[in-house]
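> Pasting in a structure now, in structure tokens, and then I'll have a few things to ask.
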Amino acid sequence: MEKAFLILAVLTGVGLIFGFILAYANKKFALEVNPLIHIVEDALPKGQCGACGYAGCMAYAEAVVLNADVPPTLCIPGKEPVAKAVAELTGKAAAAMDPRIAQVKCAGSNEKALGAYSYNGIEDCVAANLLFGGPKACKHGCLGLGTCVKSCPFGALSMSEAGLPTVDPEKCTGCGVCAGACPKQVIAMSPLDAHVQVNCNSKDKGPVARKACSVACIACTLCMKECPHGAIKMENNLATVDAKVCVEKCSEAKCLAKCPTKAIRSALNGISGNENQTTAAAACASCAQ
Amino acid sequence: MEYFTLFMGAVIVNNFVLTRFLGLCIFFGVSKSLDASIGMGMAVASILTASSALAWAAYNFVLVPLELKFLTLPVFVILIAGFVQFLEIVIKRFAPALYNMWGIYLVLIATNCVVLGVPLINVESNFTFIKSVVNALGSGVGFALAIILMASLREKLQYADVPKSLQGLGIAFVIAGMLALSFLGFSGMIPM
Chain A
7 MEKAFLILAV LTGVGLIFGF ILAYANKKFA LEVNPLIHIV EDALPKGQCG ACGYAGCMAY
67 AEAVVLNADV PPTLCIPGKE PVAKAVAELT GKAAAAMDPR IAQVKCAGSN EKALGAYSYN
127 GIEDCVAANL LFGGPKACKH GCLGLGTCVK SCPFGALSMS EAGLPTVDPE KCTGCGVCAG
187 ACPKQVIAMS PLDAHVQVNC NSKDKGPVAR KACSVACIAC TLCMKECPHG AIKMENNLAT
247 VDAKVCVEKC SEAKCLAKCP TKAIRSALNG ISGNENQTTA AAACASCAQ
Chain B
-15 MEYFTLFMGA VIVNNFVLTR FLGLCIFFGV SKSLDASIGM GMAVASILTA SSALAWAAYN
45 FVLVPLELKF LTLPVFVILI AGFVQFLEIV IKRFAPALYN MWGIYLVLIA TNCVVLGVPL
105 INVESNFTFI KSVVNALGSG VGFALAIILM ASLREKLQYA DVPKSLQGLG IAFVIAGMLA
165 LSFLGFSGMI PM
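See the structure below:
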């Protein structure tokens, strides 16, 4: 009988001691969490894409509330409404955002781009890239194995039948995760209102690029000469368009018609549209201005 | 030398996961990525060492004098669970960086069989205080070794062409079996 009481005493004693220690510790070491952090987190899209540079939406909410130097405009998927909401909640001034969209800088579909060898390995661009830079003759183009599609936190990318990723402009938030996932840096984040884009990433010289792919930019400089505003430049055998100059000054996009390989296209037409539509779409774009 | 043998024995020869099959739940649950497994391994090793010391004291200063050895199991359960909870609160308050790193694993450990098993084996073997701590540290390091090995293998496996019926946990069990087989080669080198 005595033993039974002893057992009871020891077990309840241990339980009570730990209960009190925990209760005391909970009170004494309680962490004061700013309730605003949760309110701000609720205002964020919760895609956990990391485009803001923080580990997730919670981490960004914490930083933007506690640190006065963190601007409220870092959430790229949220665009302006979220930036405004966050700015209002934290009492910071919201600067204007420029919305961006993923642009696939390659039109070298399976028919148009030449293959170098037949690849039967892991269905992943990073893996394929390790093997002599991938199975395409062009060493700068899209490998078409869909690493970007898998990486997109918003499901905005899909693989077309031609073997190129297509961006759903409705779903793309411009977070840039896909641009980081692509081993070839084929995806660029371009301004949402860009008129024209160069759908090629090849830094090879003209003849080499042309041999590997029928829609490559061969750096012929025709578009550069055609542009009256100097928005197009040649860098590393590739035409680059300064979207800002383009949007502000240009109203007719003459550059599109001159391109012999149709590597430069209207951005409003999407990347996989057919060539015949490009000029029409460009004209359309100009009248919308 | 005696402690070194004990330590190495606990790490490799008598590895808790791969030769005694304790702690398999977290071994499979948290071995999907290397980062998580390192955090988990570190958390288990430190909790194991600390709770073994605590359990040794409770056993030798409370349970033995009161002749209540048969209460070892429930007392240890309360002791370890309470201690882990306490540690979680303290770490959260004083070392937020550490808490962010492996705080989430602490709760998983609270009622894990490795963490309970090692102190139980320590008191059953009549180890001294230092021996219990060394044995617990060795077991923790052994657990970390096993889970990190497993996570490295599983990370590589993501790019392997696994038959559909074996994908996921199935192939993980097969690999764990092979790992255990290879650790069987150490058996008997250092007797427990």
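Protein chains in written order, with this note's numbering: chain A, 7 to 295; chain B, -15 to 176.
Cβ coordinates follow ideal geometry from the N, Cα and C atoms, glycine included.
By the DSSP assignment, the beta strand (DSSP E) with A194(A) in it spans what residues?
Within the first sequence, the letter at position 188 stands for residue 194(A). Taken as a continuous stretch (DSSP letters only), the beta strand (DSSP E) holding A194(A) covers I193 to P197.
> Taking C-beta pairs closer than 9 Å, name the residues in chain A that G66(B) reaches, listed in chain order.
Within the second sequence, numbered from 1, the residue matching residue 66(B) stands at position 82. Under the 9 Å cutoff, chain A gives V20, G21, I23, F24, G25, I27 and L28.
> State the DSSP-derived secondary structure class of A289(A), mapped to helix, strand or coil.
The residue labelled residue 289(A) in the question sits at position 283 within the first sequence. Caution applies to A289(A), whose pLDDT of 46 falls short of 50 and renders its modelled position unreliable; the value that the coordinates give is listed next. Helix.
> Under a CB-based cut-off of 7 Å, is R77(B) close to chain A?
If you number the second sequence from 1, residue 77(B) lands on position 93. Output row for R77(B): interface = yes.
> Is there a C-beta anywhere in chain B that falls below 7 Å from the one on V132(A)?
Within the first sequence, numbered from 1, the residue matching residue 132(A) stands at position 126. Chain B, which has no Cβ nearer than 7 Å to the Cβ of V132(A), makes this no.
> Give a yes or no on whether 7 Å exceeds the smallest Cβ distance from V59(B) to chain A.
Locating residue 59(B) in the second sequence gives position 75, counting from the first residue. Yes, its Cβ sits closer than 7 Å to a Cβ of chain A.
> On a Cα-Cα basis, can you pick out the residue from L141(B), A42(B) and A130(B) that is closest to F167(B)?
Residue numbering aside, residue 167(B) sits at position 183 when the second sequence is read from its first letter. Answer by Cα proximity: A130(B).
> Answer with yes or no whether the minimum CB distance from L80(A) to chain B is below 7 Å.
Sequence index remark: in the first sequence, residue 80(A) carries index 74 (1-based). Not one chain B Cβ lies under 7 Å of L80(A).
> Mapping the DSSP letters down to three states, classify G121(A) as helix, strand or coil.
Working through the first sequence from its first residue, we reach residue 121(A) at position 115. In the structure shown, G121(A) sits in a strand (DSSP, three-state: E or B).
> Thinking just about the alpha-carbon of each residue, which of D104(A), G182(A), P189(A) and S164(A) is nearest to the one in N135(A)?
Counting from 1 along the first sequence, the entry for residue 135(A) is found at position 129. The option with the nearest alpha carbon to N135(A) is P189(A).
> Which residues share a DSSP beta bridge with A245(A)?
If you number the first sequence from 1, residue 245(A) lands on position 239. DSSP, once it has assigned bridges, lists M240(A) as partnering A245(A).
> Strictly under 7 Å for the Cβ-Cβ distance: is I31(B) near chain A by that measure?
Indexing the second sequence from 1 puts residue 31(B) at position 47. Not one chain A Cβ lies under 7 Å of I31(B).
> Can you tell me where the beta strand (DSSP E) holding L8(B) begins and where it ends?
Taking the second sequence and counting its residues from 1, the one referred to as residue 8(B) is at position 24. That residue, L8(B), is in no beta strand (DSSP E); its alpha helix (DSSP H) goes L8 to G13.
> Taking the beta strand (DSSP E) that S164(A) falls in, what are its first and last residues?
As a working note, residue 164(A) is residue 158 in the first sequence. Counting along the chain, the beta strand (DSSP E) containing S164(A) begins and ends at L163 to M165.
> Pull up the distance between the alpha-carbon of M195(A) and that of H146(A), whole angstroms please.
Indexing the first sequence from 1 puts residue 195(A) at position 189. Indexing the first sequence from 1 puts residue 146(A) at position 140. For M195(A) and H146(A), the distance between alpha carbons rounds to 17 Å.
> Please list, in chain order, all residues of the same chain as V68(B) whose beta carbon is under 7 Å from its beta carbon, the five residues on each side excluded.
Position 84 of the second sequence holds residue 68(B). I31, L90, I93 and A94, listed in sequence order.
> Provide the residue(s) that pair with P171(A) in DSSP beta bridges, ordered along the chain.
The sequence position of residue 171(A) within the first sequence is 165, counting from 1. DSSP, once it has assigned bridges, lists M165(A) as partnering P171(A).
> Using a Cβ-Cβ cutoff of less than 7 Å, which residues in the same chain neighbour K209(A) once the five nearest sequence positions on both sides are dropped?
For this step, residue 209(A) is matched to residue 203 along the first sequence. Within the same chain, K209(A) has close Cβ partners H146, N242, N243 and L244.
> Exposed or buried, which one is Q295(A) when buried takes at least 16 other CB atoms within 10 Å?
Position 289 of the first sequence, counting from 1, holds the residue named residue 295(A). No answer about Q295(A) holds up, because its pLDDT of 40 lies below 50 and its placement is not dependable.
> Mark M134(B) as exposed unless 16 or more other C-beta atoms lie within 10 angstroms of its C-beta, in which case mark it buried.
Reading the second sequence from its first residue, position 150 is the one you call residue 134(B). So M134(B) ends up on the buried side.
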